[in-house]
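This report refers to the structure that appears directly beneath it.
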Amino acid sequence: MATFEITTRSIKGDLKTDTMILNMGPQHPSTHGVLRLELVVDGEIIVDVIPHLGYLHRCFEKHAEQMTNYQQVIPYVDRMDYVAAMGNELAYVLAVEKLMGIEVPERVQYIRVIMAELQRIASHLLAIGTYGLDLGAFTPFLWCFREREKILDMFEITCGARLLYNYIWIGGLSHDLPSDFGKKLKDFLKTFPKALKEINDLLTYNKIFIDRTANIGVLPADVAINYGCSGPMLRGSGVKFDLRKNEPYLVYDRFEFDIPVGEGKMGTVGDCWDRYYVRVREMEESLKIIEQAWEQLPAGDVHAAIPKKARPPQGEVYFRTENPRGELGFYIISDGHSSSPFRVKARAPSFVNLSVLPEISKGYMIADLVAILGSVDIVLGEVDR
Amino acid sequence: MTELLNMLIASVIPLLFILVYAIVILWTEIKVASHVQDRLGYMYTGGFHGWAQPIADLLKLLSKEHITPANSDKILFILAPVIVFAASYAAYAALPFTSTFIAANLNVGVFYIIAITSFVVIGILMAGWSSNNKYSLLGAMRSVAQIVSYEIPTALSILTVVIVAGTLNLQEVCEAQKGGLFNWNIFKYPPFMFIAFLIYFVASLAEVNRTPFDIPEAESELVAGYHTEYTGMKFAMFYLAEYANMFLVSGIAAILFFGGWNSPFGEFMSGPAWGVFWFVSKGLLFVFLQIMLRWTLPRLRVDQLMYVSWKVLTPISFANIMIVGLWAILK
């Protein structure tokens, strides 16, 4: 039962009109989860947006302190950004390894790179697919899912899970790559560029799609930096910053790849189309990385460096990686004698990126808000943790 | 007595047609959508490619509870789907299915159809208002703005045909296109009749709220637009009306531009029975085109939609009608 709550606020102009409060979510098809947006609208023009969070809060940080050891935190980490679980595991594990000073074998590092990049492609496919869905195009969504399915199949034969893997362990991996992984990966590397071209033809360069996204939700570079945006949000605004290049971890410094940034090809630098297109081009770059990593993949034992018991020395560590959605950082404090972390704090990119939403969506229409929110590409599991 | 019987038959045939057509097209839409999206769609219900699924869906909708929101305007709420369906059903009366059957052979058939389909707008506005839901109201307001603006290019492109045919009677419009493919209106005054058809087709997509103009029921913004609060058969009425409207605009396109019930081969395969075949298959072809478009394109925004109507389609159709009119006088 909706009754009309009319506020006394009005926007500037010749005509004094009342604004209306419209609740979008928590159950709404395009809030990508249980996000609730309180919209102050004047007709269909947005005067203000107030995001309300916390519907999916699961006390991740407190949980992490209650585990009996560091390894047990990994499944919880999976459930943060659940469409890019590999990336989360990687960030957490690298942080713990840095704290413990573990050197992992080369093979493990290469496999981690391959998995992280495959996960990036899978995550971006979901992002651009649901973005099409937000704008009313249903077919690209399913085409993206078809491709994502191939990646999930590869993950499944590797570790048995399709969404939440618990694959990357402290000091190693849970399983080595299975024998048929190489064949599947090569198939994927061969067919994916074609599929990406199809998706581009259908959605990226569609006139209606460009009309809906170009010059919408423009995020200038300085605002993006001030709000701490990262990942495609930041790069879409033209800032060339990618932790894989700027602060290389694992073996990323051995690969040739570009960092795509928004160029304002269809409108202004930092509009929704730029953010979307950065994701499309990042998938191509990830493909390059995977190709090189697969060629250079050395032999070795993936379990060699796994410690019997992970008990880091007293101290603290902050480690950040480039997740599909941006900079994911883990801050871990160890008290030195206990086998569980004293404190785990996650810097979630979705949460930080979402904070800029009210800034970039004022003055646009409700339909544009859907486009803007889709281009921010939030995952509520990570926003609320 | 015979007159009454005739009236009954004349009104029942279009209704039966709509019901059978709706079931067929529901299945087609899902199957086309599935194949466009690289999947199978219905495969089990009834055996062959899930042919019985629409019937099962209909039974499900029939058995569903009717929920009327507590704070809604109950009379308007119940009346709205009826009006929406009745308006599109009434328009079928003036459609010549074949050379010997037309439910109401009106002298002002074109005018009647333009007028009666406008009632849909009232039904939609009633639905949006009476639901007492903000999303419904926004959807209804969008819908009304959209349909009212697109009626102008639609009517103007229909008028072009009226200039060519010299009559408002749809049966006579069909008669005038007799004698094979190249007597159809679409090939007259090239390329201006073709432009008129394009304008009509685009505008009619907006009239029936199909993608890329499905803004009133944009599920990613407005949940389900004006029919958010409707359940069961009341919801099914909106659905039925949408599909009935899809064939209506396609049928009108077939009559006005593609010879209606005329065979494309002149005398070959012509006659009253073949007439039904040609008319229905031409109509279904355009319905198929609408379905393909729906599963290919994203959605426009409200202001872009208005832009397309007022600044692109309306001026072009004005120019078009002038040129065709001048050409017809000079000839």
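Line order of the protein sequences matches chains A and B.
The numbers in the working numbering rise by one with no breaks, and the one at position 107 of the first sequence is 230.
The numbers in the working numbering rise by one with no breaks, and the one at position 98 of the second sequence is 99.
A virtual CB, placed ideally from N, CA and C, is assigned to each residue, including glycine.
Collapsed DSSP secondary structure at Phe102/B in the structure displayed: strand
Asp334/A: contacting residues in chain B (beta-carbon distance under 8 Å): Leu301, Arg302 and Gln305
Is the segment 382 to 390 of chain A close to the segment 354 to 362 of chain A, with three or more CB pairs under 8 Å? yes
Rounded to the nearest angstrom, what separates Gly255/A and Ala207/B at their Cα positions? 20 Å
Measure the C-alpha to C-alpha separation of Tyr178/A and Tyr22/B and round it to an integer number of angstroms. 45 Å
By Cβ distance below 6 Å, which residues in the same chain neighbour Trp296/B in space, the five residues on each side in sequence not counted? Ala34 and Val37
With DSSP run on the structure shown, which of helix, strand or coil describes Val209/B? coil
Can you tell me whether His180/A is buried or exposed, with buried defined as 16 or more other CB within 10 angstroms of its CB? exposed
Closer than 7 Å at the beta carbon, the chain C residues around Ile331/A: This model lacks chain C altogether; the protein chains it does include are A and B.
How is the beta strand (DSSP E) around Ala469/A delimited, first residue to last? Arg466 to Arg470
6 Å CB neighbourhood of Val467/A in its chain, flanking five on each side removed: Glu184, Ala187 and Ile455
CB contact check: Thr262/A to chain B, cutoff 7 Å: yes
Please confirm whether Asp74/B has its beta-carbon closer than 7 Å to some beta-carbon of chain A. no
Rank Gln232/A, Tyr205/A and Val206/A by C-alpha distance to the C-alpha of Val216/A and give the top, closest one. Gln232/A
Measuring straight from C-alpha to C-alpha, what distance separates Glu30/B and Gly295/A? 50 Å
Quick one: residues in its chain with C-beta nearer than 6 Å to the C-beta of Pro55/B, no 5 flanking neighbours on either side, listed in chain order? Ile24, Leu27 and Trp28
Identify whether Phe453/A lies in helix, strand or coil by the three-state DSSP scheme. strand
Neighbour flag for Lys235/B against chain A, beta carbons, 7 Å: no
Please classify Gly252/B: is it buried, with 16 or more other beta-carbons within 10 angstroms of its beta-carbon, or exposed? buried
Anyone know if the C-beta pair for Arg367/A and Glu240/A falls short of 7 Å? no
Using beta carbons (cut-off 7 Å, strictly below), is Glu4/B in contact with chain A? no
How long is the line joining the alpha carbons of Glu152/B and Leu249/B, rounded to whole angstroms? 14 Å
Please report the distance separating the alpha-carbon of Tyr328/A from that of Cys267/A. 16 Å
Between which two residues does the alpha helix (DSSP H) carrying Ile164/B extend? Lys135 to Ala166
Between Ile169/A, Met238/A and Ser462/A, which has its C-alpha nearest Ile291/A's C-alpha? Met238/A
Could you tell me whether any Cβ in chain B is nearer than 7 Å to the Cβ of Leu176/A? no
Which complete alpha helix (DSSP H) runs does the segment 211 to 281 of chain A hold, if anything under 4 residues is left out? 229 to 257
In chain order, what residues of the segment 303 to 334 of chain A put their CB closer than 8 Å to some CB of chain B? Leu325, Leu326, Asn329, Ile331, Phe332 and Asp334
Quick one: does Val499/A have its CB under 7 Å from some CB of chain B? no
Within its chain, find whatever has a CB closer than 7 Å to the CB of Ala163/B; leave out the 5 residues flanking it on each side and keep chain order. The question names Ala, but residue 163/B in the sequence shown is Val. Within the same chain, Val163/B has close Cβ partners Val111 and Leu169.
Please report the distance separating the alpha-carbon of Glu439/A from that of Asp458/A. 9 Å
Taking 7 Å as the CB-CB limit, is Arg271/A close to chain B? no
Say whether chain A places a C-beta atom closer than 7 Å to the C-beta of Trp291/B. Before going on, a small fix: residue 291/B reads as Gln here, not Trp. Not closer than 7 Å to any Cβ of chain A, the Cβ of Gln291/B fails to qualify, so no.
Nearest-angstrom Cα separation, counted from Gln172/B out to Ile84/B: 27 Å
Is it the case that the segment 269 to 282 of chain B contacts the segment 122 to 133 of chain B, given that we only count it when at least three CB pairs across the two stretches are under 8 Å? no
With DSSP run on the structure shown, which of helix, strand or coil describes Arg302/B? coil
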